[in-house]
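Protein sequences appear in the order of chains A and B. Residues in the first sequence are numbered consecutively from 24, following the working numbering. Residues in the second sequence are numbered consecutively from 66, following the working numbering. Glycine included, every Cβ here is placed at the ideal spot set by N, Cα and C. These figures come from a predicted structure and were not determined experimentally. A short write-up of the structure that comes next.
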Amino acid sequence: MAQTLKLPKFDNPPLIEAALGIEFEPLQRWDILHFGLFWGQIRNKYPQYIIQPPLDSQLEVFGESNKQVTMTFPFVGPPEVRCWFINQPQTWLLQVQRERVVLNWRKTPAAGEYPRFHKLQTRFEEEWLQFRTFVKDNDVGDLKPLQCELSYFNHIELPDGWRETEILSSYFPCWTGGSSGSFLPVPEIVTINTRYTLPENQGRLHISMQPVFRHADAKEVIQLTVTARVLSDPDIQKAIQIAHEWAVCGFTDFTSSAMHDLWGRRQ
Amino acid sequence: MIEGLLQMSALTSPVPRTDQTIVQWTATTPLDNSSRWLRKAQKRIQELAALPENWDSYGSRPIQPAAIKGAGDLIALLSQLRSAQPEIFPVPGGGIQLELHNRQREIEIEILPDGNIEYLITDDDGQMREGHVPAGSTGEIYRLIYWFGQEHSKTVGF
């Protein structure tokens with residue numbers, strides 16, 4: 024894609040969360056104590072922490088197998104964990120593990136609307152720089168980025184009768200709900216998972232539509248997840264830019280013009 | 066005995082792997098995968114969140130936001146870990162209590178109005194132990210639930 028690509032913009036997108044991260048080669052000398060040491064450096068910004076199970080590797084693989092694989096790195100030692108570091112209004116989350124750094128923003132009553140990608144990117148680059156410095160200063164290993172990942176999580180409120188084909192089709196043009204006969208009733212659940220290869224195998228775009236139960240308010244909503252993974256270029260910023268372009272354009276293409284109007288599309 | 070197991074668990078209990086090893090922060094469960102009790106439990110917490118001042122007729126304040134959030138997170142965690150269904154009660158003063166029972170063990174978890182957690186466990190031999198967990202520190206909660214699910218196993222017990 025050309026760098027001058029003008030991306031669609033929405034005044035009121037259904038975005039409830041965005042996550043930008045980098046997966047890198049596992050740090051050889053990373054130990055559980057480093058979580059605490061690193062937290063000591065960022066604690067003023069992220070005073071709360073939560074221990075989580077680690078994220079699986081999600082490296083996009085091209086070639087003979089031509090399929091996405093989940094990589095694991097078995098070794099004898101302490102259990103692998105991921106650490107969540109959360110800011111005070113609970114709008115920003117920094118996720119750290121041996122081979123991953125991810126920054127999440129989420130919508131809350133306090134946070135208001137999405138601060139836009141530029142702010143997410145700027146804040147991520149600050150955290151990434153601090154992590155790189157920490158890794159270097161503590162001789163934890165060589166930081167070799169492998170892949171950049173940008174995810175947008177959108178929640179679409181469900182109207183009555185949302186399972187009807189016409190309504191889902193009006194949201195997502197790719198869904199026709201068609202069948203060759205008249206035997207099947209209206210589906211109880213519809214989920215859509217698609218993936219697209221970026222030019223020159225730079226990475227992939229994954230889009231999934233799935234009805235979910237949202238814990239915070241016990242509501243059923245449609246979650247539209249758009250994830251762009253771009254294999255690391257020596258230039259990480261370029262990879263982030265490509266991921267952004269694909270995530271935004273992919274979201275726009277996947278959803279209908281009627282929904283764009285509802286979400287206040289400006290360009 | 067519980068003391069010894071507690072010390073051991075700190076060394077041996079892994080953080081359990083769950084299906085939620087994704088980058089998403091906002092807690093959701095796919096509708097085709099969400100247990101009925103999870104939905105029921107989350108709705109119960111929403112009901113508790115709507116309790117008015119003096120809901121117990123003894124002057125209790127409403128259930129506090131930190132307790133509501135803590136209980137919601139805990140319910141989600143229990144669901145991820147395929148735990149048994151908890152019973153959920155409001156606590157005078159603004160907290161929420163979750164209770165889990167199986168044939169051998171019991172856990173009472175109280176999410177305090179400030180989000181901190183206190184628990185009381187009863188083990189296979191009827192021994193009881195209390196504990197305190199700061200808000201957001203899920204490691205000990207993982208171990209509690211892990212211990213609860215490991216019936217007949219004391220070597221990795223809590």
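Beta carbon proximity, Arg237/A to chain B, threshold 9 angstroms | Residue 237/A sits at position 214 when you count from the first residue of the first sequence. Chain B, which has a Cβ nearer than 9 angstroms to the Cβ of Arg237/A, makes this yes.
Three-state secondary structure assigned by DSSP to Thr220/B = Here residue 220/B refers to the residue found at position 155 when the second sequence is read from its first residue. Any reading at Thr220/B needs caution, since the residue's pLDDT is 40, under 50, leaving its predicted position unreliable; the model's value is listed next. Correct three-state label for Thr220/B: coil.
Mind listing which residues of the stretch 145-172 of chain B have their C-beta closer than 7 angstroms to chain A's C-betas, in chain order?
-> Flagged: no residues at all.
Since Phe47/A and Pro168/A are thought to touch, with beta carbons under 8 angstroms apart, how far apart are those beta carbons, to the nearest angstrom?
-> Residue mapping note: residue 47/A aligns to position 24 of the first sequence, counting from 1. Residue mapping note: residue 168/A aligns to position 145 of the first sequence, counting from 1. Yes, they are in contact, since the Cβ atoms of Phe47/A and Pro168/A sit about 5 angstroms apart, within 8 angstroms.
Between Gln111/A and Gly135/A, what straight-line distance do the alpha-carbon atoms span, to the nearest angstrom?
-> As a first step, residue 111/A must be located in the first sequence, where it is residue number 88. As a first step, residue 135/A must be located in the first sequence, where it is residue number 112. If I take the Cα positions, the gap works out to 15 angstroms.
Give the secondary structure of Arg109/B by DSSP, where H, G and I count as helix, E and B as strand, and everything else as coil.
-> In the second sequence, residue 109/B corresponds to position 44, counting from 1. DSSP places Arg109/B within a helical segment (H, G or I) once states are collapsed to three.
So which of Pro117/B, Trp102/B, Glu118/B, Ile128/B has the shortest CA-CA distance to Pro178/B?
-> Start at 1 with the first residue of the second sequence, and residue 178/B comes out as number 113. Answer by Cα proximity: Ile128/B.
Alpha-carbon to alpha-carbon, Ile174/B and Lys108/B = Sequence index remark: in the second sequence, residue 108/B carries index 43 (1-based). Sequence index remark: in the second sequence, residue 174/B carries index 109 (1-based). Going from the Cα of Lys108/B to the Cα of Ile174/B covers about 19 angstroms.
Straight-line gap, Ser74/B to Arg208/B (C-alpha atoms, nearest Å) | Counting from one through the second sequence, the residue named residue 74/B turns up at place 9. Counting from one through the second sequence, the residue named residue 208/B turns up at place 143. Note on Ser74/B: pLDDT 38, under 50, position unreliable in the model; no value is reported.
For Thr278/A, is the classification buried or exposed, using 16 other Cβ atoms within 10 angstroms of its Cβ as the cut-off for buried?
-> The sequence position of residue 278/A within the first sequence is 255, counting from 1. That one is buried.
Any beta-carbon of chain B closer than 9 angstroms to the one on Ala134/A?
-> Here residue 134/A refers to the residue found at position 111 when the first sequence is read from its first residue. So, not an interface residue.
His57/A lies in the alpha helix (DSSP H); which residues open and close that run?
-> In the first sequence, the residue the question calls residue 57/A occupies position 34. Note, His57/A: alpha helix (DSSP H), 55-65.
Please list, in chain order, all residues of the same chain as Thr94/B whose beta carbon is under 7 angstroms from its beta carbon, the five residues on each side excluded.
-> Translated into positions along the second sequence, residue 94/B becomes position 29. Setting aside the 5 residues that flank it on each side, Thr94/B is surrounded in the same chain by Leu103, Ser144, each with a C-beta closer than 7 angstroms to its C-beta; the list follows chain order.
Three CB pairs or more closer than 8 angstroms across the stretch 260-274 of chain A and the stretch 193-204 of chain A | With a cut-off of 8 angstroms, the stretch 193-204 of chain A and the stretch 260-274 of chain A do not count as touching, because too few Cβ pairs lie within range.
Hey, how far is the Cα of Pro257/A from the Cα of Ser174/A?
-> In the first sequence, residue 257/A corresponds to position 234, counting from 1. In the first sequence, residue 174/A corresponds to position 151, counting from 1. Here the alpha carbon of Pro257/A sits roughly 21 angstroms from the alpha carbon of Ser174/A.
From His197/B to Gly180/B, what does the alpha carbon distance come to, in whole angstroms?
-> Here residue 197/B is taken as the residue at index 132 of the second sequence, counted from 1. Here residue 180/B is taken as the residue at index 115 of the second sequence, counted from 1. Note on geometry: alpha-carbon atoms of His197/B and Gly180/B lie some 11 angstroms from one another.
Nonlocal neighbours in the same chain, by C-beta distance under 8 angstroms from Arg105/A, ignoring five residues either side | Numbered from its first residue, the first sequence carries residue 105/A at position 82. Once the five neighbours on either side are set aside, the close Cβ partners of Arg105/A are Ile74, Gln75, Pro76, Pro77, Leu78, Gln118, Val119, Gln120, Arg123.
Using a Cβ cut-off of 7 angstroms, pull out every chain B residue sitting near Asp240/A, in sequence order please.
-> For the purposes of this step, residue 240/A is taken as the residue at position 217 of the first sequence. Neighbours of Asp240/A on chain B, chain order: Gln111.
Can you find a C-beta in chain A that's less than 9 angstroms from the C-beta of Val88/B?
-> On the second sequence, position 23 is the one that residue 88/B refers to. So yes, Val88/B belongs to the interface.
Can you find a C-beta in chain B that's less than 9 angstroms from the C-beta of Ile179/A?
-> Position 156 of the first sequence, counting from 1, holds the residue named residue 179/A. When Cβ-Cβ separations below 9 angstroms define contact, Ile179/A makes no contact with chain B.
Using CA coordinates, which residue listed in Leu146/B, Pro157/B, Ala131/B is at the minimum distance from Glu118/B?
-> Here the question's residue 118/B lines up with position 53 in the second sequence. The candidate whose alpha carbon is nearest that of Glu118/B is Pro157/B.
Leu166/A versus Val158/A: straight-line alpha-carbon distance, rounded = Residue mapping note: residue 166/A aligns to position 143 of the first sequence, counting from 1. Residue mapping note: residue 158/A aligns to position 135 of the first sequence, counting from 1. If you take the alpha carbons of Leu166/A and Val158/A, they lie about 7 angstroms apart.
Give the DSSP-derived three-state secondary structure of Cys272/A in the structure shown.
-> Taking the first residue of the first sequence as position 1, residue 272/A is located at position 249. Helix at Cys272/A.
Grouping DSSP H, G and I as helix and E and B as strand, with all else coil, what is Leu76/B?
-> For the purposes of this step, residue 76/B is taken as the residue at position 11 of the second sequence. Any answer about Leu76/B is weak, because its pLDDT of 34 lies below 50 and its placement is not dependable; what the coordinates show is given next. Helix, per DSSP.
Give every residue of the same chain whose Cβ lies closer than 7 angstroms to the Cβ of Met232/A, excluding the five residues on either side of it in the sequence, and list them in chain order.
-> Reading the first sequence from its first residue, position 209 is the one you call residue 232/A. Same-chain partners within the cutoff: Phe195, Thr214, Ile215, Ile245, Leu247.
Enumerate in chain order the residues of its own chain whose CB-to-CB distance from Phe147/A is below 6 angstroms, with the five nearest sequence positions on each side excluded.
-> Working through the first sequence from its first residue, we reach residue 147/A at position 124. The answer, listed in chain order, is Leu43, Leu126.
How about Gln215/B: is its C-beta nearer than 9 angstroms to some C-beta of chain A?
-> Along the second sequence, read from residue 1 onward, the residue named residue 215/B stands at position 150. Cβ-Cβ to chain A under 9 angstroms: no for Gln215/B.
Quick one: what's got a C-beta closer than 6 angstroms to Glu195/B's C-beta in the same chain, skipping five residues either side?
-> Within the second sequence, numbered from 1, the residue matching residue 195/B stands at position 130. The answer, listed in chain order, is Leu185.
Cβ of Leu139/B within 9 angstroms of Cβ of Leu163/B?
-> Here residue 139/B is taken as the residue at index 74 of the second sequence, counted from 1. Here residue 163/B is taken as the residue at index 98 of the second sequence, counted from 1. Cβ atoms of Leu139/B and Leu163/B: closer than 9 angstroms.
Could you name the residues of the stretch 107-124 of chain A whose beta carbon sits closer than 9 angstroms to any beta carbon of chain B, in the order they occur along the chain?
-> Answer set for the stretch 107-124 of chain A: Trp107, Ile109, Gln113, Leu116, Gln118, Arg123.
Environment of Pro182/A [buried if 16+ CB atoms lie within 10 Å] = Numbered from 1 along the first sequence, position 159 holds the residue referred to as residue 182/A. It is exposed - the Cβ of Pro182/A has fewer than 16 other Cβ atoms within 10 Å.
Any idea if Asp121/B is buried or exposed, counting beta-carbon neighbours within 10 angstroms, 16 or more meaning buried?
-> Looking up residue 121/B in the second sequence gives position 56. Exposed, since its Cβ has fewer than 16 Cβ neighbours within 10 Å.
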